[in-house]
Every structure is written in structure tokens, then in C-alpha cells.
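Engineer: Structure provided below as C-alpha cells; questions to follow.
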Amino acid sequence: MKTNTNTGETCMTLTSKAIRTLGSAAMLALMSQGAAAEGKLNLYNWGDYINPELIDAFSKEFGVEVTLDTYSTNEEMLARIQAGAAGYDLVWPSVHMHDIMQQLGLLQPANPNQMPGWENIDPAALRSQADPNGDYCMPYAWGAVGIFYNKKLIPELKSWDEFFAYANANPGKVTMLDDLRETLGVGLIMTGSSVNSRNPDEIAKAEAFIAEQVPNIGAFRYDVIPLVTSGDIAAGHYYVGAVLNVLQDPENLGYVIPAEGATMYQEDICMLASAPNVENAKLFMQFMMRPESAAKNAERLTNGTVNTAALDLLPENLRSNPSINPPAEVRAKLQIFEDLGKDLRLYTKAWDRIKTN
Amino acid sequence: MAGDRFMAARKRNALLLLLAPISIILGIFFLIPLGIVVVYSFLEPGLYGGVEWTWYPYNYGRILGWPLNDYEEFDPIYLKIFATSLKYALMTVVFSLLICYPAAFWVSRRSERWKGFVLFLITLPFFASLLIRIYAWLLLLRPTGFVNTALEAAGIISQPLDLLFSGTAVVLGMVYIFTPFMFLPIYANVEKLDFSLVRASQDLGASPIQTFLRVILPLTAPGMVAGSIIVFIPALGNFIVPSLLGGAKVQMTGNLIERSFLQSRDWPFGSALALLIMASVVVVLMIQTVKAGRAKGGRPA
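First to last, the protein sequences are chains A and B.
Numbered by my numbering, the letters in the first sequence go through residues 2 to 358 in order.
Numbered by my numbering, the letters in the second sequence go through residues 3 to 303 in order.
Encoded structure:
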């Protein structure tokens, strides 16, 4: 759910199915030419979260047969790996899931920090608490979760305040994500708390803030790109991947990281403890550390890159885009989710109440 | 006499043989998973999904609204959500009944060719995926969608109506999905209706309303009851329609179950909720069985 082509949960399954079909088609294509294949590599990634050209390029350069399966939530991936899904080499967990998986012993150290190309990785991207030096996983990409809007309805949008003010004047014309952490996260930002708060009072304040907006919010959903593009919805809380649509139609569409701050996501590439193709997996990590690879990926995903050397290779419209490559003072206002363990229930109940009343 | 007993034994054996496959399938694919759900609903949620194998009876208390820790208060939100589900499921039943009952009479009076064609039309939606059909409603109902543009072009409305992401859209979507399930049992019943009884009632001087209430309605009631049950059960547990057409603002127990398993990683609570839905279905079926039994018992021999 990190990119613009993803849709509502149920439709996401459709998307990921379609992608899986595409993936296996690509695999067939590779197999037919892969007489020189020296081995295999099995990737398990989010739907539409890697530039397919990169997979082709890697497979050609190293003569490795690559398969790609997809998932649509961290929990789905974790459940499959825990249930014993064998054969995958690399997975793309979000940082907090990287921590969980490492603690559960599902990962093995790939030592990306000793690979050539590690110097390209921004040290600030080592966000995992369990893996502060990059012994296990390689930071992959990151992005903010801001607001995607239609300029015909809202000429300019800069902040959550303006977003909620517009919703107040035009009830039903904005959407927020159907995700309890993300949407309560906005409530926490607006009430001045950390998005990882474990304090019941702070969470209660955030709940009250969001609950007050609920009558004006049209829907809680992921699949808002077509609705914003057509003007059915004026603005939607959405991932930075929407910038792809903005670049296609900058006259009518906009994307902003709100002034008050926002949440952000980052995924790391991790090698599973059960990986059958360790060497190829490491080769793939090195391949992804190349600035050209990272740049190509960022172009396709329109999100932030953790590869500092790749920044210079990005097309101008991406490099100068404040949502994709935000200045330091905006970056300082972005917060990443930590796993809350049992305290997640504080949020669950709050979210259930928001949706009920 | 011995021959009779032999025949009876043979009949019983044949019955056992014929029932064996369905019993095995139900046993493996229904009872065992159901058993897992029951067991899980009494366990503690695992930190990252799954369960801890510790006795934990509080999931049911939580459904009733009891607080789990000291900072929570008694708040029966889950019962409220369940009440919402009941409301939408009942509305779906009533509206699809209102559509299907007259339609069944109309169809049953057509020629055989027409009947076949209409039945084909009714089963036609099953050829397309449910998700795609729901998505089509989203396109129809949205502010710039077909319904609003048509109404605006006809000058009936000046501002697009907020049809999408509302309770109305949810009921509309569910009625649309479940109409065929209501239509087919009613139609089967109406089709068999002996119209000479209707004529007899008229000949004996009953008013049209009396004929309907005392002859037609009792004779077609079994089809209506069967259709209502078949619609009510899946409507009660539905989560796709409220999620897509209700904009996830309309919330039914199905959505809560889905969220418990995925976002909130609380499988035991999801299991308990699933059993709540199951229990309500069983109650409905039991009422129906008791009533049907009485109707049979009460009929003079």
C-alpha cells in the first residue's frame, strides 16, 4: 500500500494477484532465455514496490532466475513466513516489522554494511532499533504520508489545519486512510504528541480530535487516487507515491507534506533465516545499493531514496520535489511508527470508538 | 416381517453410504475449523497475531463492553456495531423481499421461453466477480458518476447527491448482491402456486385482500422465509460492501472481525466476534425450525 496503484484492501488482493500473474509471466520469459541461469532468487515484496526493469536487469547481468511474489500488509507477510512459507530469500518489511522479525529470529545477518556500495546509504536511514549498524538489512526506500489533492477544488493546500477546515466547509469531500495507526497518528500530531505514544491520555486526545472530524470525512479508504483525480473527492490522506499522478497532471493535482508534520514509512530489504539462495540474495542487495538502481527505482515509485548518491541521478522534477526529497526542516517533522506490542490495543479501542460513534 | 427388516437395514446402509461424503466434507472443512475458532476465542492474543496458549475468557466480556484494563470504561461499542449489522441485514432482507415478491409473480405468469430468459438474466451477475460489481456501483454512485450526472442532466437536482459512502449505498449494494438469493426460493414457491385455489377463494366471495392474506400469502410463505434466511445470514457477516460503498465509515461486525485479524492482530477477539455472528445465525435457524415443526404438527391429518 505504499504506491499509487494500490487500492482498497479487497481490491489490493486483486492487484497483488494481477501482479503475481505478471510476475510469473516475467518468470516464464526469464526461464526461456535463462539457459545460462546460475541459480535462483525468490523475492517477496509489497505489490508494485520495485521497478520491474531492475529485476530484469539483475537477472540478465548475473544470470539468475528471479521470482517475485507480493503481499499487501506487513502482517500478511509475517503470518506467511511464520506459517513456514519456504523458498523466499528476501523480504521488504517496514522498519518496525524488521525489528519484530529480527527479534523472532526470522532473519539472518546479510552484512550489507560490508558490501561495496554501503557508503551510498544515508546513515540516517538506519532506523531499525534492533539493527542500528545495518548488520542484517539494507534500507530500501522511504516516503511521507501526506495529502493528495485536486487543485480545481483546493488551489493550494499546506497543512492539516487547512485540510480539516476545507472538510468542515465541504463535508464528505475528503478521505483519510482506513488504517488505525496512520489516522490516529494524524490526531496525535495535531494534539502535539508522538505518533508512538503509549500514554492513554494522549491517545484519548488524539481520538477526540479525529472523532470531531469524522462527520466531515467522506470515507476511510486506501483507494483514493481515481476519486481525487476525477474530483469526486477534493483531498485524500495518502502515500507519497501519488506524486507520480501529480507529475502527470501538475496543473490539476497536488501533493503536500503538511506543515504540522506527518508520518513516514521506510522499508528495509532483509534476508530470511530460511533463505535458500544466500549468495544471490547478497548480490541483489549490492545491486540495489548502486546509485543507478536506486534512482531508477525512485523514478518509478516516486518516493524518497535512502541512497544519497542516487539523488544526483534523479530527474530534476523529482530531485526538487519537496515531497520526495524534503528539506531538512520538513524531514525533522516526519515520524516513523514503532511497534507498540501490547499497547496497540490502546489504539484499537480508540479506533473502534471513532468508527462507531 | 424378516424381509421388511432386511429392507430397512438395506435402506439404512444406502443412506449411510450416500450421506458419508457430505458428512466427511462437513466434518473436515466445517467442524474442525469451527472447533479451532471456538478454542481460539478462549485464548490470549499473541503479540504479533496468532494466539498464546493461555486460558483467557475475557474476549466475550469485551464484546459486551467490559473494560479490559483500568483506563478503559464500560462502553458497549461492539454491541452497537452488532446492532448496526442487524439493522442493515434486516433492511436488506425487507427491501429484497419487496423487490422479489411481486417480480416472482410477474415472471411466473410469463411464457416458458420468457421465464427461461428472465431466470438467465437473474443469474447473469454471478458470471462477474463480486468485487468488480461492487466497484461498478462505486462508479455509478460517486458525485461525478452516472446516477448524479443523469439526475443533473434531467434537471431533477442541481447539486450532486452524496450517495456514495453512506448507509444508503450499503443497503443498495447488499440488496443488489442478495436479490437473486431471495428471488429463486420465492419464485420456486410462486411457480408451484395452484391458481385454482385463488379462483376458488374469489368464487366463494373473498375480497382480493382476503384472498391474498388467507390464500396466497400462507401458500408462498415458505419461499419467503427460505429466501429471507438465505439473504439474512450472509448479509449479517458482510464486510466488503460497508468497506467499499460505506467508505469504511459504516461499520458492521464483519469489518470488525477483519480488522481484529489484520490491523489489530487480535485473533481471539476476532474469533469471539465470529462466533457471535454464528450464534445469531443459529438462533434464526432454530426459530425457523421450531415454527416449521409447529406448522406441520398443527395441520389436521
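By construction, the Cβ of each residue, glycine as well, lies at the ideal position given by its N, Cα and C atoms.
Please compile the residues from chain B whose C-beta is within a distance smaller than 7 Å of the C-beta of ILE101(A).
Structural biologist: Mapped onto the first sequence, residue 101(A) falls at position 100. The contacting residues are TYR50.
Engineer: Examine the Cβ distances between the stretch 239–256 of chain A and the stretch 129–149 of chain A and report whether three or more of them are shorter than 8 Å.
Structural biologist: The stretch 239–256 of chain A vs the stretch 129–149 of chain A: in contact.
Engineer: Taking MET184(B) as part of the alpha helix (DSSP H), name the residues at either end of that continuous run.
Structural biologist: The residue labelled residue 184(B) in the question sits at position 182 within the second sequence. Element bounds for MET184(B): 169–194.
Engineer: Where in the stretch 79–129 of chain B do unbroken runs of the alpha helix (DSSP H), each at least 4 residues long, occur, reported from the N-terminal end onward?
Structural biologist: As far as the stretch 79–129 of chain B is concerned, its whole alpha helix (DSSP H) runs of at least 4 residues are 79–110 and 114–125.
Engineer: Among the candidates GLY175(B), LEU18(B), LEU247(B) and PRO270(B), whose CA atom is the shortest distance from the CA of PHE97(B)?
Structural biologist: For the purposes of this step, residue 97(B) is identified with residue 95 of the second sequence, where counting begins at 1. Comparing Cα-Cα distances from PHE97(B) to each of GLY175(B), LEU18(B), LEU247(B) and PRO270(B), the minimum goes to GLY175(B).
Engineer: So ALA310(A) and ALA299(A) are in contact, right, with Cβ under 8 Å, and what is the actual spacing, rounded?
Structural biologist: Working through the first sequence from its first residue, we reach residue 310(A) at position 309. Working through the first sequence from its first residue, we reach residue 299(A) at position 298. Wrong, their Cβ atoms sit about 12 Å apart, outside the cutoff.
Engineer: If the cut-off is 8 Å on Cβ atoms, which residues from the stretch 75–92 of chain A count as contacting chain B, listed in chain order?
Structural biologist: For the stretch 75–92 of chain A, which is checked against every Cβ of chain B, the residues closer than 8 Å are GLU76, GLU77, LEU79, ALA80 and GLN83.
Engineer: I'd like the span of the beta strand (DSSP E) that includes LYS41(A), first residue to last.
Structural biologist: The sequence position of residue 41(A) within the first sequence is 40, counting from 1. 40–47 is the extent of the beta strand (DSSP E) around LYS41(A).
Engineer: Nearest by alpha-carbon distance to THR291(B): which of SER113(B), ALA155(B) and PRO224(B) is it?
Structural biologist: Locating residue 291(B) in the second sequence gives position 289, where the first residue counts as 1. Of the candidates SER113(B), ALA155(B) and PRO224(B), the one whose C-alpha sits nearest the C-alpha of THR291(B) is PRO224(B).
Engineer: Taking a cut of 9 Å between CB atoms, which residues from the stretch 175–187 of chain A lie near chain B?
Structural biologist: Answer set for the stretch 175–187 of chain A: THR176, ASP179, ASP180, LEU181 and ARG182.
Engineer: Just to confirm, are THR215(B) and LEU195(B) a CB contact at a threshold of 8 Å?
Structural biologist: Walking along the second sequence from the start, residue 215(B) turns up at place 213. Walking along the second sequence from the start, residue 195(B) turns up at place 193. It should be noted that the sequence gives Leu, not Thr, for residue 215(B). For LEU215(B) and LEU195(B), no; Cβs fall outside 8 Å.
Engineer: Which residues of chain A have a Cβ atom closer than 7 Å to the Cβ of ILE83(B), listed in chain order?
Structural biologist: Position 81 of the second sequence, counting from 1, holds the residue named residue 83(B). In chain order: THR357.
Engineer: Taking only the alpha-carbon atoms, compute the straight-line gap between PRO216(A) and SER245(B) and give it to the nearest angstrom.
Structural biologist: Walking along the first sequence from the start, residue 216(A) turns up at place 215. Walking along the second sequence from the start, residue 245(B) turns up at place 243. About 17 Å.
Engineer: Flag LYS369(A) as yes if its beta-carbon sits less than 8 Å from any beta-carbon of chain B, otherwise no.
Structural biologist: Because chain A here runs from 2 to 358, residue 369(A) falls outside it and cannot be looked at.
Engineer: Taking the beta carbon of ILE289(B) as the centre, do at least 16 other beta carbons fall within 10 Å, making it buried, or is it exposed?
Structural biologist: Here residue 289(B) is taken as the residue at index 287 of the second sequence, counted from 1. By the 10 Å Cβ count, ILE289(B) comes out exposed.
Engineer: Less than 8 Å between the beta carbons of LEU91(A) and TYR45(A), yes or no?
Structural biologist: Numbered from 1 along the first sequence, position 90 holds the residue referred to as residue 91(A). Numbered from 1 along the first sequence, position 44 holds the residue referred to as residue 45(A). For LEU91(A) and TYR45(A), yes; Cβs fall inside 8 Å.
Engineer: What are the boundary residues of the beta strand (DSSP E) that includes GLN267(A)?
Structural biologist: Along the first sequence, read from residue 1 onward, the residue named residue 267(A) stands at position 266. Taken as a continuous stretch (DSSP letters only), the beta strand (DSSP E) holding GLN267(A) covers 263–272.
Engineer: With a threshold of 8 Å, are at least 3 pairs of Cβ atoms found where one atom belongs to the stretch 250–268 of chain B and the other to the stretch 11–26 of chain B?
Structural biologist: No contact exists between the stretch 250–268 of chain B and the stretch 11–26 of chain B.
Engineer: What residues of chain B sit near ASP353(A), judged by a beta carbon separation below 9 Å?
Structural biologist: Residue mapping note: residue 353(A) aligns to position 352 of the first sequence, counting from 1. Simply ILE79, TYR80, ILE83, GLN253, LEU258, ARG261 and SER266.
Engineer: How is the alpha helix (DSSP H) around GLN373(A) delimited, first residue to last?
Structural biologist: The shown model of chain A, from 2 to 358, leaves out residue 373(A), and the question about it has no answer.
Engineer: If I'm right that SER198(A) touches PRO259(A) with Cβ under 8 Å, what's the distance once you round it to whole angstroms?
Structural biologist: Translated into positions along the first sequence, residue 198(A) becomes position 197. Translated into positions along the first sequence, residue 259(A) becomes position 258. Contact doesn't hold; Cβ gap of about 19 Å is too wide.
Engineer: Might you give, ordered along the chain, the residues of its own chain that have their beta carbon closer than 8 Å to the beta carbon of ALA237(B), omitting 5 neighbours on each side?
Structural biologist: Start at 1 with the first residue of the second sequence, and residue 237(B) comes out as number 235. So the qualifying residues of the chain are TYR90, ALA91, THR94, VAL95, MET176 and PHE180.
Engineer: Along the alpha helix (DSSP H) that carries TYR42(B), what are the first and last residues, could you check?
Structural biologist: Along the second sequence, read from residue 1 onward, the residue named residue 42(B) stands at position 40. Run containing TYR42(B): 34–42, per the alpha helix (DSSP H) assignment.
Engineer: Residues in its own chain within less than 7 Å of ALA276(B) by CB, not counting five upstream and five downstream?
Structural biologist: Counting from 1 along the second sequence, the entry for residue 276(B) is found at position 274. Cβ within range, chain order: VAL39 and ILE259.
Engineer: Rounded to whole angstroms, what is the Cα-Cα separation between ALA126(A) and VAL331(A)?
Structural biologist: Mapped onto the first sequence, residue 126(A) falls at position 125. Mapped onto the first sequence, residue 331(A) falls at position 330. Looking at the two C-alpha atoms, the distance is approximately 16 Å.
Engineer: In chain order, what residues of the same chain lie with their CB nearer than 6 Å to the CB of ILE211(B), ignoring the 5 residues before and after it?
Structural biologist: Locating residue 211(B) in the second sequence gives position 209, counting from the first residue. The answer is none, since no qualifying residue turns up.
Engineer: Is it true that the CB of PHE221(A) sits closer than 8 Å to the CB of LEU178(A)?
Structural biologist: One-based indexing of the first sequence puts residue 178(A) at position 177. One-based indexing of the first sequence puts residue 221(A) at position 220. Yes, they are a contact pair.
Engineer: Kindly confirm or deny that the stretch 92–99 of chain A and the stretch 265–285 of chain A touch, where touching means at least three C-beta pairs closer than 8 Å.
Structural biologist: Result yes; three or more Cβ-Cβ pairs closer than 8 Å.
Engineer: What span of residues does the alpha helix (DSSP H) with PHE148(B) cover, start to end?
Structural biologist: Taking the second sequence and counting its residues from 1, one reaches residue 148(B) at position 146. Where PHE148(B) is concerned, the enclosing alpha helix (DSSP H) stretches over 148–155.
Engineer: Expressed to the nearest angstrom, what Euclidean distance is found between the alpha-carbon atoms of ASN52(A) and PRO117(A)?
Structural biologist: Here residue 52(A) corresponds to residue number 51 of the first sequence, with the count starting at 1. Here residue 117(A) corresponds to residue number 116 of the first sequence, with the count starting at 1. Taking the straight line joining both Cα atoms gives about 22 Å.
Engineer: Following the continuous alpha helix (DSSP H) through ASP353(A), name the residue where it begins and the one where it ends.
Structural biologist: What you label residue 353(A) is simply residue 352 of the first sequence in a count that begins at 1. That run of the alpha helix (DSSP H) goes 345–357.
Engineer: What residues in the stretch 232–251 of chain A bring their beta carbon closer than 8 Å to a beta carbon of chain B?
Structural biologist: For the stretch 232–251 of chain A, which is checked against every Cβ of chain B, the residues closer than 8 Å are GLY232 and ASP233.
Engineer: Scan the stretch 208–233 of chain A for residues whose Cβ lies nearer than 8 Å to a Cβ of chain B and list them as they occur along the chain.
Structural biologist: Taking 8 Å as the Cβ-Cβ cut-off against chain B, the residues of the stretch 208–233 of chain A that qualify are VAL215, ILE218, GLY219, ALA220, PHE221, ARG222, LEU228, SER231, GLY232 and ASP233.
Engineer: Give me, in chain order, the residues of the same chain whose beta-carbon lies closer than 7 Å to that of ALA243(A); leave out the 5 immediate sequence neighbours on both sides.
Structural biologist: Taking the first sequence and counting its residues from 1, the one referred to as residue 243(A) is at position 242. Excluding positions up to five away in sequence, the list reads ASN5, PHE149, ILE226 and TYR256.
Engineer: Taking a contact to mean a Cβ-Cβ separation below 8 Å, would you say CYS138(A) touches ILE325(A) in this structure?
Structural biologist: One-based indexing of the first sequence puts residue 138(A) at position 137. One-based indexing of the first sequence puts residue 325(A) at position 324. Taking 8 Å as the Cβ cut-off, CYS138(A) and ILE325(A) do not qualify as a contacting pair.
Engineer: Can you give me the start and stop residues for the beta strand (DSSP E) that ASN197(A) sits inside?
Structural biologist: Locating residue 197(A) in the first sequence gives position 196, where the first residue counts as 1. Unbroken run through ASN197(A): none, as it is neither H nor E.
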